[in-house]
Amino acid sequence: MSTGTYQIAPPLSGAPPSYDEAMSLFLDSPPPSFEQASRGAERLPGAITTEPGVDSEDDIKWMPLPRIDPSSSCPYGLEYLLQLSAVHVKRERWRMLEGKRYRVCNSSGEKIYLASDTGTFSYSVQDQLERHAFTIKRESHCLCYGMASECAVECPPGEPSAFILGSAGMCVSNIVVTDSDKCSIFHINAPLGWTCREEEKLPVLAKSVQVAQIRRRYPDVPLSERYDYVINFPRDLDVRMKAALIATAIKIDVEIAEQKTSRSSN
679 MSTGTYQIAP
689 PLSGAPPSYD
699 EAMSLFLDSP
709 PPSFEQASRG
719 AERLPGAITT
729 EPGVDSEDDI
739 KWMPLPRIDP
749 SSSCPYGLEY
759 LLQLSAVHVK
769 RERWRMLEGK
779 RYRVCNSSGE
789 KIYLASDTGT
799 FSYSVQDQLE
809 RHAFTIKRES
819 HCLCYGMASE
829 CAVECPPGEP
839 SAFILGSAGM
849 CVSNIVVTDS
859 DKCSIFHINA
869 PLGWTCREEE
879 KLPVLAKSVQ
889 VAQIRRRYPD
899 VPLSERYDYV
909 INFPRDLDVR
919 MKAALIATAI
929 KIDVEIAEQK
939 TSRSSN
């Protein structure tokens, strides 16, 4: 065997090759290119390309824009809610340089809206076309008395279509949902603070009769505080009131988190 000016005798039978003999095997074989090395790495078994245990929220499909009668009086952006009798509301994972966000989905898991925090409890609710369907703004707040606060639901943004009024009792927060004239439409008794129960049902009453329901379900991820809210309402309910119930679920989740933060800091 010849390598340059050196002559290497073949090894004895069964003897391991010398260093020079081993290195000579690579003289005529160039190193692999970057593309070849990359393709080899892709074939490695067990490669992890996504974060384990985290749902891919960006892959959730959007609900198709429904067709409605052009003469319909449905507010701009609320046409998705016309034929729905249930929606799901869930806080999304915290992301760098982004505020708190909630996604609103239908019963099939399709995304309807994204509610993005734009300030001190001010949420802009948009659809897949980035149209502003409605806005949630907290007008007043008193953390000393649980959920004693007032929120305005603006649909279209800038024009109040409903209000959410909260007043604290001994163990519950009494929530009243009103129309734009602050005439009472719904009453909800929400628990003060966080509980360990897997599911809590909050009846939505109209003149002492249950007409809808907000369910808060325990998170499916251990040690997570991202609760899942399921809102059931009549299909023929005014879409403005459906939007107000969505806003109510977001209000409950935000203020329970605020109470927990306030207690831990004291």
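Numbering (my numbering), first residue to last: 679 to 944.
Just so you know, even glycine gets a beta-carbon here, dropped at the ideal spot from N, CA and C.
### Query
Ile814: buried (16+ other C-beta within 10 angstroms of its C-beta) or exposed?
Ile814 is classed as buried because its beta carbon has at least 16 other beta carbons within 10 Å across all chains shown.
### Task
Could you give the DSSP three-state label for Arg918: helix, strand or coil?
Three-state result, Arg918: helix.
### At least three beta-carbon pairs within less than 8 Å, the stretch 912 to 932 to the stretch 855 to 863
Inter-segment contact for the stretch 912 to 932 and the stretch 855 to 863 is present: three or more beta-carbon pairs are separated by less than 8 Å.
### Message
To the nearest angstrom, how far is the alpha carbon of Ala1002 from that of Ser886?
### Response
The structure shown has nothing for residue 1002, since the chain only spans 679 to 944.
### Query
Can you check whether the CB of Phe864 is closer than 8 Å to the CB of Leu883?
At a Cβ-Cβ threshold of 8 Å, Leu883 and Phe864 count as neighbours.
### Task
Rounded to whole angstroms, what's the CA-CA distance from Leu759 to Gln937? Just pull it up for me.
Going by C-alpha positions, Leu759 is about 31 Å away from Gln937.
### Message
Pull the bridge partners of Ser785 from the DSSP assignment, please.
### Response
According to DSSP, Ser785 bridges with nothing at all.
### Message
Can you find the residues in the same chain that come closer than 6 Å, C-beta to C-beta, to Ala935, ignoring five residues on each side of it along the sequence?
### Response
Same-chain partners within the cutoff: there are none.
### Query
How far does the beta strand (DSSP E) with Asp906 in it reach, from first residue to last?
Run containing Asp906: Asp906 to Asn910, per the beta strand (DSSP E) assignment.
### Query
Exposed or buried, what is Thr798 when buried is set at 16 or more other beta-carbons lying within 10 Å of its beta-carbon?
It counts as exposed.
### Task
Report the residue from Leu756, Ile746 and Ser785 whose alpha carbon sits nearest the alpha carbon of Lys739.
Comparing C-alpha distances from Lys739 to each of Leu756, Ile746 and Ser785 shows the shortest one belongs to Ser785.
### Classification of Cys833 by the beta-carbon crowding that lies within 10 angstroms, buried from 16 upward
With 16 or more other CB atoms across the displayed protein chains lying within 10 angstroms of its CB, Cys833 is buried.
### Task
Please state if the CB of Arg779 and the CB of Lys789 are separated by a distance shorter than 8 Å.
The answer is no: Cβ separation not under 8 Å.
### Task
To the nearest angstrom, report how far apart Ala925 and Val831 are at their CA atoms.
Distance between the alpha carbons of Ala925 and Val831: 7 Å.
### Message
Tell me the rounded alpha-carbon separation between Asp805 and Ala840.
### Response
The straight-line gap from Cα to Cα measures roughly 20 Å.
#### Entry: Own chain, CB closer than 6 Å to Leu843, minus 5 neighbours either side, in chain order
Spatial neighbours of Leu843 in its own chain (CB-CB distance under 6 Å, excluding positions within 5 residues in sequence) are listed in chain order as Glu828 and Val854.
### Query
Would you call Glu729 buried or exposed, if buried means 16 or more other Cβ atoms sit within 10 Å of its Cβ?
Here the model assigns Glu729 a pLDDT of 41, short of 50, so the residue's position is not dependable, and the following value carries that caveat. The Cβ neighbour count for Glu729, taken over all protein chains shown within 10 Å, is under 16; the residue is labelled exposed.
### Query
How about Val765 and Cys783: are their beta carbons less than 8 Å apart?
If you check the CB distance, Val765 and Cys783 come in under 8 Å.
### Query
What are the boundary residues of the beta strand (DSSP E) that includes Gln888?
In the DSSP assignment, Gln888 falls within the unbroken beta strand (DSSP E) covering Val887 to Arg895.
### Query
DSSP state of Thr856, grouped into three classes?
DSSP, read as helix, strand or coil, puts Thr856 in strand.
#### Entry: Leu923 in three-state terms, based on DSSP
Helix, per DSSP.
### Query
Between which two residues does the beta strand (DSSP E) harbouring Glu878 extend?
It spans Glu877 to Ala884 - the beta strand (DSSP E) in which Glu878 sits, taken as one unbroken run.
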